[in-house]
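All letters in the sequence shown, in the order written, are residues 1 to 198 by UniProt numbering.
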Amino acid sequence: MQTEIEAKWIVSDLDIIRNKLSELKANLDQPERLIRRKPFDFPDNRLEKVGGWVRVRDEGDKITLAYKQLNDRSLHGTKEVSVEVSDFNNTCQILEAVGLEAKSYQETKRETWHYKNCEITLDTWPWIPSVVEIEVESEEAVQQAAAELGFTWAEALHGSIENVYQKYYKVTESEVGHWKEITFIPVPSWLEPKRRLG
Numbered sequence: 001m002q003t004e005i006e007a008k009w010i011v012s013d014l015d016i017i018r019n020k021l022s023e024l025k026a027n028l029d030q031p032e033r034l035i036r037r038k039p040f041d042f043p044d045n046r047l048e049k050v051g052g053w054v055r056v057r058d059e060g061d062k063i064t065l066a067y068k069q070l071n072d073r074s075l076h077g078t079k080e081v082s083v084e085v086s087d088f089n090n091t092c093q094i095l096e097a098v099g100l101e102a103k104s105y106q107e108t109k110r111e112t113w114h115y116k117n118c119e120i121t122l123d124t125w126p127w128i129p130s131v132v133e134i135e136v137e138s139e140e141a142v143q144q145a146a147a148e149l150g151f152t153w154a155e156a157l158h159g160s161i162e163n164v165y166q167k168y169y170k171v172t173e174s175e176v177g178h179w180k181e182i183t184f185i186p187v188p189s190w191l192e193p194k195r196r197l198g
């Protein structure tokens, strides 16, 4: 499995980041589009118990099947192996046929840029501010790109999106991972009372 070297930052205005990327002469590879994904595990959550999950993701221009494992929330803490597949629904059906269960259906909006050797994604998830993620093959390159975009390294987040939800809601990683649907609707009535104030 490959180590994902990536970090993310919470942002309040993606247009500021878009303008900065344009100033840096970064290339816009994919304009903002809807992404849909389903994370899977066995009924006994054996993958979750070791920090893992299987994911099917439709990125608009390609569909991927991945196994991800979050060993810790450090820059080098996430491992992934991924392949392209041709059909989102059929891939989900194959996983269900071998005994895995979809734990959630998730929608996001994603815009993809390239700058030097970095893939920079502007991600919008329901109910939280947007995030900018920088992924590249070395820690130094992530730090350099982050500095050029005006991000402070001390504010970087690592790992999956659950830690961003935890900043805005009184929830656990496991709770977020088991929400049946994360879609672009108003904040659900069951989640609103968990919102962190201030």
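Note that CB positions come from ideal geometry on N, CA and C, so glycine has one too.
Review point. Distance, Cα to Cα, residue 92 vs residue 78?
Key: 23 Å
Review point. With burial defined as no fewer than 16 other Cβ atoms inside 10 Å of the residue's Cβ, what is the status of residue 40: buried or exposed?
Key: Buried.
Practice item. Would you grab the beta carbon distance between residue 145 and residue 170 for me? Rounded to a whole angstrom, and I think it's under 8 Å. Key: Contact flag wrong, Cβ pair sits at about 33 Å.
Exercise for review: Would you kindly work out how many angstroms separate the C-alpha atoms of residue 9 and residue 122, rounded to a whole number?
Suggested key: 10 Å
Exercise for review: In the DSSP assignment, find the beta strand (DSSP E) that holds residue 52 and state where it starts and stops.
Suggested key: 52-58
**Study point:** Under 9 Å between C-beta atoms of residue 68 and residue 56
**Key:** Pairing residue 68 with residue 56 gives a Cβ-Cβ distance that is not under 9 Å.
**Study point:** Bounding residues of the beta strand (DSSP E) (the contiguous stretch that carries residue 122)
**Key:** 118-124
Point to revise | Pairwise C-alpha distance: residue 142 and residue 157 | key: 12 Å
Check your understanding: With 16 other CB atoms within 10 Å as the buried threshold, where does residue 29 fall?
Key -> exposed
Review point. In three-state DSSP terms, what is residue 137?
Key: coil
**Study point:** Rounded C-alpha distance that separates residue 27 from residue 85
**Key:** 26 Å
Practice item. Enumerate in chain order the residues of its own chain whose CB-to-CB distance from residue 119 is below 6 Å, with the five nearest sequence positions on each side excluded. Key: Result list for residue 119: 135, in chain order.
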